[in-house]
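Novice: Every position in the sequence shown, counted from 1, becomes a number in the numbering used here once 5 is added.
The beta-carbon is built from N, C-alpha and C at its ideal position, and this holds for glycine as well.
This structure is in structure tokens; I'll ask about it shortly.
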Amino acid sequence: MNSLIANNQTFQTLDLIRKCMGGKIDILGAGLSGLAAATILAKAGKEVHVHEIRKDSGARFDGDFQGIENWTSDIDFFEEMREWGLNPDEFKSNAFEIIDLIHPDDVITNPKTKGAAFRVVERGTDEHCIDQGFKRMAIAAGAEIHYESKVDPNTCDIIAAGPKDSSAIAFGEIFHTEHPNHVAFQLNDKLAPGAYSYLIIIDGVGLICTCLWRQQKKSGRYLNETIAWYDEHYELNRKPIKRVGGKGDFSLPTKYIHENKIYVGEAGGLQDFMWGFGMRYAITSGVLAAQSILEECDYEKEVKNRLVPLIKISAINRFLMNRVGDRGFKMVAKYWMRDQKRKGDGLQFMKWVYQPGIIRKALWPIVKKSMLRKKKLDDGRLVHRMPFRKSLKRDIWEPSNRAIEVGEQWNMIRKGGGKLSFTESDAQN
């Protein structure tokens with residue numbers, strides 16, 4: 006324990022450990038990070054109470070498909086989960102070793118690997134969703150979850166709340182299709198300003214989504230145009246069900262333990278700036294928080310050693326992506342395929358993207374100063390946050406006839422009861 010006593014931050018860690026050793030542990034937020042922490046702590050015999058303002062875990066989502074990446078570590082993430090005592094068989098997942106990579110000029114190539122490059126899971130309140138799987142694990146371990154419970158964050162030991170602001174947003178449509186399981190990833194600055202769009206099909210249900218990293222008016226036109234593109238290039242026979250969406254808030258705090266509270270997942274700014282992947286970081290941070298309370302590690306040190314370097318390099322990558330359009334995206338796609346041909350494994354390129362080499366690491370001071378803005382949060386923490394970027398002149402264009410038809414189709418579906426769970430106004434709240 007003597008090695009821990011180095012600065013004020015480690016004193017906070019020790020104070021938190023002493024506090025939790027004697028009584029119950031309160032966690033704010035029943036998302037993946039909070040439930041991961043709850044499961045580990047309850048398995049260790051701790052009295053754990055999780056407080057969630059929503060009616061259920063996953064209620065923030067509405068059946069969206071999301072990916073858990075497998076390229077930021079050499080170990081398969083599901084194997085890592087099992088080592089921690091978390092069971093990935095508690096929820097449905099589909100592993101993919103090959104995808105369609107859609108270039109800005111509509112060329113389609115196929116990055117592939119042996120094994121799982123990533124896994125697709127569903128977010129929401131249905132039994133097979135990952136949120137419900139983590140809920141079951143926490144309850145089975147002995148944790149008590151209090152839904153529709155609003156508590157003072159200052160009374161909690163672990164803060165695992167979701168995003169407050171918007172740095173980027175995504176809009177998607179869920180639909181029925183007869184197309185086989187498939188994943189396509191599209192780099193296209195017109196359809197997805199500064200980011201990407203994607204198609205995921207799992208067992209007869211599809212999701213087409215566009216991600217916007219520049220703030221737009223009438224954002225729905227991007228989704229309509231994106232759907233029109235996929236309709237043209239894939240035999241989907243799409244039957245719309247509902248439209249969904251979400252937002253991401255990207256920031257880097259100066260510390261991850263503040264006033265004897267551990268911040269995990271999105272509450273701790275543990276998000277991927279480049280692509281928006283966050284589930285692996287969320288689960289990992291929840292586990293590390295629990296291990297810290299159990300005196301198995303120093304949370305602040307572990308997060309800064311294991312996760313922050315990945316987040317910083319993702320921010321550097323985002324900085325570079327912000328400065329290129331379709332020409333730059335095309336160069337990335339071509340290099341990816343050349344790298345695969347040379348190494349025989351498309352996953353190696355993604356691993357390289359997240360390895361902080363000397364040149365990209367040297368960009369960090371520039372990235373921090375020019376892309377991030379210092380902000381003091383309501384809880385007193387200081388973060389460097391990425392604001393939602395403004396639109397560019399090239400973002401102004403007229404929709405295609407097919408996109409107009411897609412919009413009219415959705416209006417008819419909505420009049421017939423089709424659900425819209427995320428709107429432009431939600432992105433601003």
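1) I need the boundaries of the alpha helix (DSSP H) containing I73, first residue and last residue.
2) From the DSSP output, in three-state form, read off P109 for me.
3) Once the 5 residues before and after K97 are set aside, which same chain residues still bring their CB inside 6 Å of it?
4) Express the C-alpha separation of I113 and K335 in angstroms, rounding to a whole number.
5) Alpha carbon to alpha carbon, how far is F278 from N322? Give it in angstroms, no decimals.
6) Closer than 6 Å by C-beta to F16: which residues in its own chain qualify, once you throw out the five before and the five after it? Chain order, please.
7) Which of the three DSSP states is assigned to I80 in this structure?
8) Cα-Cα, which of F70, D136 and V337 is closest to L325?
9) Which term fits N229, buried or exposed, when burial requires 16 or more other beta carbons within 10 angstroms of its beta carbon?
10) Is the beta carbon of V372 closer than 9 Å to that of G274?
11) Note down the Cα distance separating E153 from A35, rounded to an integer number of angstroms.
12) So E264 is in the alpha helix (DSSP H); what residue range does that whole segment cover?
13) Quick one: Cα of R419 to Cα of F190, how far?
14) Would you call the segment 43-56 in contact with the segment 287-302, where contact means no fewer than 3 C-beta pairs closer than 8 Å?
15) Considering Y152, what are the terminal residues of the beta strand (DSSP E) in which it resides?
16) Out of curiosity, what's the CA-to-CA distance linking D170 and D254?
17) Which partner residues of G174 appear in the DSSP bridge assignment?
18) Do we get a CB-CB distance below 9 Å when we pair M142 with the residues of chain D?
19) Can you give the beta carbon distance from F123 to N75, rounded, assuming they're within the 8 Å contact cut?
20) Which full runs of the beta strand (DSSP E) of 3+ residues lie inside the segment 378-410, going along the chain?
21) Extract the residue ranges of the alpha helix (DSSP H) inside the segment 29-56, only unbroken runs of 4 or more that lie entirely within it.
22) Could you tell me the alpha carbon to alpha carbon distance between R285 and F82, rounded to whole angstroms?
23) Which word fits A456, buried or exposed, when buried means at least 16 other C-beta atoms lie within 10 angstroms of its C-beta?
24) Assuming contact is defined by CB atoms lying nearer than 9 Å, are E178 and K252 in contact in what I supplied?
25) Can you list, in chain order, the residues of its chain with a C-beta nearer than 7 Å to that of N99? Leave out the 5 residues immediately preceding and following it.
26) For the alpha helix (DSSP H) containing L315, name the first residue and the last one.
27) Using DSSP's beta-bridge definition, name the partner residues of E127.
28) Note the first and the last residue of the continuous beta strand (DSSP E) segment covering I207.
29) Could you work out which residue in C302, E271 and W280 is closest to A287 when comparing CA atoms only?
30) Below 8 Å, how does it come out for the segment 59-75 and the segment 136-150: are there three or more Cβ pairs, yes or no?
31) Distance check for G28 and D350, CA to CA, integer angstroms please.
Specialist: Let me lay it out:
1) By 1-based counting over the sequence shown, the position of residue 73 is 68. From DSSP, I73 is part of no alpha helix (DSSP H) but of the beta strand (DSSP E) over F70 to E74.
2) Locating residue 109 in the sequence shown gives position 104, counting from the first residue. Here P109 sits in coil by DSSP.
3) For this step, residue 97 is matched to residue 92 along the sequence shown. These residues qualify, in order along the chain: H133.
4) For this step, residue 335 is matched to residue 330 along the sequence shown. For this step, residue 113 is matched to residue 108 along the sequence shown. Those two C-alpha atoms are separated by around 11 Å.
5) Here residue 322 corresponds to residue number 317 of the sequence shown, with the count starting at 1. Here residue 278 corresponds to residue number 273 of the sequence shown, with the count starting at 1. One alpha carbon belongs to N322, the other to F278, and they sit about 8 Å apart.
6) Working through the sequence shown from its first residue, we reach residue 16 at position 11. Residue placement at F16 is flagged as unreliable, the pLDDT there being 49, under the threshold of 50; a coordinate-derived value is accordingly withheld.
7) For this step, residue 80 is matched to residue 75 along the sequence shown. For I80, the secondary structure class from DSSP, reduced to helix, strand or coil, is coil.
8) Your numbering for residue 325 matches position 320 in the sequence shown. Nearest option by C-alpha distance: V337.
9) The sequence position of residue 229 within the sequence shown is 224, counting from 1. The residue in question, N229, is buried, as its Cβ has 16 or more Cβ neighbours within 10 Å.
10) Sequence index remark: in the sequence shown, residue 274 carries index 269 (1-based). Sequence index remark: in the sequence shown, residue 372 carries index 367 (1-based). No, these two residues do not count as a Cβ contact at 9 Å.
11) Position 148 of the sequence shown, counting from 1, holds the residue named residue 153. Position 30 of the sequence shown, counting from 1, holds the residue named residue 35. Whole-angstrom Cα-Cα distance: 11 Å.
12) Stepping through the sequence shown from its first residue, residue 264 is reached at position 259. No alpha helix (DSSP H) contains E264, which DSSP labels as neither H nor E.
13) Counting from one through the sequence shown, the residue named residue 419 turns up at place 414. Counting from one through the sequence shown, the residue named residue 190 turns up at place 185. Those two C-alpha atoms are separated by around 27 Å.
14) Flag = yes, the segment 43-56 and the segment 287-302 touch.
15) Residue 152 sits at position 147 when you count from the first residue of the sequence shown. Run containing Y152: E149 to Y152, per the beta strand (DSSP E) assignment.
16) As a first step, residue 170 is located in the sequence shown; it is residue number 165 there, counting from the start. As a first step, residue 254 is located in the sequence shown; it is residue number 249 there, counting from the start. Answer to the nearest angstrom: the Cα atoms are 6 Å apart.
17) For this step, residue 174 is matched to residue 169 along the sequence shown. According to the sequence as given, residue 174 is Ile; it is not Gly. I174 is bridged to L217 and K252.
18) The chain labelled as chain D is not found in the depicted structure, where only one protein chain is given.
19) As a working mapping, residue 123 is identified with position 118 in the sequence shown. As a working mapping, residue 75 is identified with position 70 in the sequence shown. F123 to N75, Cβ: 5 Å. Contact.
20) Fully enclosed beta strand (DSSP E) runs of 3 or longer: 378-381 and 387-390.
21) Listed in chain order, the complete alpha helix (DSSP H) runs (minimum 4 residues) inside the segment 29-56 are 37-48.
22) Residue mapping note: residue 285 aligns to position 280 of the sequence shown, counting from 1. Residue mapping note: residue 82 aligns to position 77 of the sequence shown, counting from 1. Here the C-alpha atom of R285 lies approximately 8 Å from the C-alpha atom of F82.
23) This structure cannot settle anything about residue 456, because the visible part of the chain is limited to 6 through 434.
24) Start at 1 with the first residue of the sequence shown, and residue 178 comes out as number 173. Start at 1 with the first residue of the sequence shown, and residue 252 comes out as number 247. It is not a contact, given that the beta carbons lie outside the stated cut-off.
25) Here residue 99 is taken as the residue at index 94 of the sequence shown, counted from 1. R124, V125, N186 and I207, listed in sequence order.
26) Position 310 of the sequence shown, counting from 1, holds the residue named residue 315. In the DSSP annotation of this structure, the continuous segment of the alpha helix (DSSP H) that includes L315 starts and ends at V313 to M326.
27) Along the sequence shown, one-based indexing puts residue 127 at 122. Looking at the DSSP output, E127 bridges to F70.
28) Residue mapping note: residue 207 aligns to position 202 of the sequence shown, counting from 1. It spans S202 to I207 - the beta strand (DSSP E) in which I207 sits, taken as one unbroken run.
29) Taking the first residue of the sequence shown as position 1, residue 287 is located at position 282. Closest option to A287, judged by alpha-carbon separation, among C302, E271 and W280: E271.
30) Touching, per the Cβ criterion.
31) For the purposes of this step, residue 350 is identified with residue 345 of the sequence shown, where counting begins at 1. For the purposes of this step, residue 28 is identified with residue 23 of the sequence shown, where counting begins at 1. When the Cα atoms are used, D350 and G28 turn out to be separated by approximately 50 Å.
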